[in-house]
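Contents: one structure, followed by commentary.
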Amino acid sequence: MQMNTSRRIKNFGLSLSIFAVFIVCFSRVNSAPRCTACNFHGDCHPPQNCVYGVVKDYCGRDICAKGPGHRCGGKWNSLGICGEGLFCSCNRCGGCSLNTIECFNLTCI
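Count along the sequence shown from 1, add 73, and you get the number used in our numbering.
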């Protein structure tokens, strides 16, 4: 009887471990941002007066582009996306904006 109880406890522990691994793996796979029809404020209108142009975010919605020296990148481009003529490196937009001809000399440390 004692042997049977010990085996059940081991099986339960193994099952619990497998379940925990499954939960951790599933939560990582499903960590992408949720795309909604509108932004968090319920505003479905395209952005206006975007100095550095308009780009598409992860969900395909129009957002204002970031300019020279502005923060960019991050997971799912959560910090922003650089405008035309700029590139994102070290989480900063470098290069020259084709909209304003402003430049930012990017040096990553």
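Yeah, the Cβ is synthetic: ideal placement off N, Cα and C, and Gly gets one too.
Beta-carbon proximity of residue i to residue j, cut-off 7 Å
| i | j | result |
| --- | --- | --- |
| ARG165 | LEU152 | no |
| CYS155 | LYS139 | yes |
| GLY126 | GLU175 | no |
| LEU159 | GLY168 | yes |
| SER162 | CYS181 | yes |
| PHE177 | PRO141 | yes |
Selected residue, minimal CA-CA separation from residue i, among the options
| i | options | result |
| --- | --- | --- |
| THR109 | VAL127, VAL124, LEU171 and CYS132 | CYS132 |
| ASP135 | ASN150, TRP149, GLU157 and HIS118 | HIS118 |
| PRO202 | TRP149, ASN172, LEU179 and CYS163 | The structure shown has nothing for residue 202, since the chain only spans 74 to 182. |
Closer than 7 Å to chain D by CB, residue i
| i | result |
| --- | --- |
| ILE182 | Protein chains in the displayed structure number just one, and chain D is not present. |
Burial state of residue i (16 or more Cβ within 10 Å)
| i | result |
| --- | --- |
| VAL124 | exposed |
| SER170 | buried |
Whole runs of the beta strand (DSSP E) within the stretch 124-150, excluding any shorter than 3 residues: Segments of the beta strand (DSSP E) lying fully in the stretch 124-150: 127-129 and 135-137.
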